[in-house]
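A.B. asks:
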Amino acid sequence: QVQLVESGGDLVQVGGSLRLSCAASRSIFNFNLMGWYRQAPGAQRTMVATITSGSTTNYADSVKGRFAISRDNAKNTVHLQMNNLKPEDTAVYYCYASINYSPYWGQGTQVTVSS
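What follows is the structure, given as structure tokens:
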């Protein structure tokens, strides 16, 4: 079992930046995979970025070159740096962890990009 708590969501203007953080309640060192998903109103939850225990990253095409995921095993946190934000990035962002192939989710943090 693990609790994931997201923070950093906010209202930002087009072209702005935000840094989301996900704090885990225990060591993430052996978590197979961690990542961020997002869900806009009326839409399905979709993958934004993931990072493996070996720090291999994967990004949705829509965020490549703008977002960067990182993990800090010493602080049990995962971050998502989001730059050049667009209105279509507006969504609730959820932290995700796969531990022994079991999924865990945070409660989500709202990101709103206004034009």
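So the sequence shown is numbered by the numbering used here: it starts at 31 and just counts up by one. Don't be surprised by glycine CBs; every beta carbon is placed ideally from N, CA and C.
#1: Three or more C-beta pairs closer than 8 Å, one from the stretch 80 to 89 and one from the stretch 51 to 66: is that the case here?
#2: Is it true that the CB of Y126 sits closer than 8 Å to the CB of W66?
#3: Under 8 Å, do V122 and R49 count as touching if we go by C-beta distance?
#4: To the nearest angstrom, how far is the alpha carbon of L41 from that of D119?
#5: For T139, does the count of other Cβ atoms within 10 angstroms reach 16, so buried, or fall short, so exposed?
#6: Would you mind working out which of A73, R56 and G46 sits nearest M129, comparing C-alpha positions?
#7: Please check the pair A70 and V78, which I expect to be a contact at CB under 8 Å, by giving their CB distance rounded to whole angstroms.
#8: List the residues that DSSP assigns as beta-bridge partners of I99.
#9: How far does the beta strand (DSSP E) with Q140 in it extend, from its first residue to its last?
#10: Which first and last residues belong to the beta strand (DSSP E) in which A104 is found?
C.D. replies: According to the structure data:
#1: yes
#2: As a first step, residue 66 must be located in the sequence shown, where it is residue number 36. As a first step, residue 126 must be located in the sequence shown, where it is residue number 96. A contact, by the Cβ cut-off of 8 Å.
#3: Taking the sequence shown and counting its residues from 1, one reaches residue 122 at position 92. Taking the sequence shown and counting its residues from 1, one reaches residue 49 at position 19. In this structure, R49 does not lie closer than 8 Å to V122 by Cβ.
#4: Position 11 of the sequence shown, counted from the start, is the residue given in the question as residue 41. Position 89 of the sequence shown, counted from the start, is the residue given in the question as residue 119. Straight-line Cα distance between these residues: approximately 11 Å.
#5: One-based indexing of the sequence shown puts residue 139 at position 109. Counting Cβ neighbours within 10 Å, T139 comes out buried, since at least 16 surround it.
#6: For this step, residue 129 is matched to residue 99 along the sequence shown. Looking at the sequence shown, residue 129 is not Met but Ile. The shortest Cα separation from I129 among A73, R56 and G46 belongs to R56.
#7: Counting from one through the sequence shown, the residue named residue 70 turns up at place 40. Counting from one through the sequence shown, the residue named residue 78 turns up at place 48. Going by Cβ atoms, the distance from A70 to V78 rounds to 11 Å, so no, they are not a contact pair.
#8: The residue you call residue 99 lines up with position 69 of the sequence shown. Paired residue(s): L110.
#9: Here residue 140 is taken as the residue at index 110 of the sequence shown, counted from 1. Here the beta strand (DSSP E) through Q140 covers T139 to S144.
#10: On the sequence shown, position 74 is the one that residue 104 refers to. Where A104 is concerned, there is no enclosing beta strand (DSSP E), given that its DSSP letter is neither H nor E.
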